[in-house]
Amino acid sequence: MLGIAVYGLFVGVGSVHADFFKWEVLVSPEGWGTPHVTLPVTGAGEVYKTGSGWSCRVEAFRTNIESELLWEGKTLRCIQGDTERTVRVVCTDNNQNRRYNTSKEDFAPPVNEGFPLDPEQGARSPYLLLRCFF
25 MLGIAVYGLF VGVGSVHADF FKWEVLVSPE GWGTPHVTLP VTGAGEVYKT GSGWSCRVEA
85 FRTNIESELL WEGKTLRCIQ GDTERTVRVV CTDNNQNRRY NTSKEDFAPP VNEGFPLDPE
145 QGARSPYLLL RCFF
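Right under this line is the structure:
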């Protein structure tokens, strides 16, 4: 019985799917530096769609829990026909004394990354930014 419990503990740790960080996608429909909309990421799936055919989704790509190190990463992928824009963000925390982060402290780079959906539009291209904090 103890062997089954220990096996279940190790199998459970190997397949962790919880979000340990808060994740958001910031969308500036009129371009970088213009007013933005904050979309909280609560799981994998579509987060944003444009009238011009862009479909954007967030996917989890890795979570690691070690003795005093936690790191978690997600991918923001936008697709329109054959065109794809992708960015990955990794958040880490190795401070075992930190329990709550009320000031939304950002962590080691890269903490946020983004891209314009249509670089040919220049500064008017919709801009998406994936970010995380503890």
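If you're matching positions, the sequence shown starts at 25 in my numbering and goes up one per residue.
Here a beta-carbon is modelled for each residue, glycine too, at the ideal position from N, C-alpha and C.
Outcome for K98 when other beta-carbon atoms lying within 10 angstroms are tallied against a minimum of 16: Flag for K98 reads buried.
Problem set entry | Sequence-distant residues of the same chain with beta carbon closer than 7 Å to T62, five excluded per side | Listed in chain order, the non-local C-beta contacts of T62 below 7 Å within the same chain comprise E48 and L50, local neighbours out to five positions each way being set aside.
- Which runs of the alpha helix (DSSP H) fall wholly inside the region 46–118 and span at least 4 residues, in chain order? Entirely contained in the region 46–118, not one alpha helix (DSSP H) run reaches 4 residues.
ask   = For L94 versus F44, is the C-beta spacing smaller than 8 Å?
value = For L94 and F44, yes; Cβs fall inside 8 Å.
| Length of the line joining the Cα atoms of H136 and D106 | The sequence given here has Asn at residue 136, not His. If you take the alpha carbons of N136 and D106, they lie about 25 Å apart.
Of the residues D142, E144, G138 and T87, which one's Cα is nearest the Cα of T116?
Of the candidates D142, E144, G138 and T87, the one whose C-alpha sits nearest the C-alpha of T116 is T87.
Own chain partners of P53 with C-beta closer than 7 Å, once the 5 adjacent residues on each side are dropped: Within the same chain, P53 has close Cβ partners P150.
**Asked** Going straight from the alpha carbon of V114 to that of V71, what length do you get?
**Response** For V114 and V71, the distance between alpha carbons rounds to 19 Å.
Which value, in whole angstroms, describes the spacing of the CA atoms of I103 and L141?
Using only the alpha carbons, I get a separation of about 9 Å.
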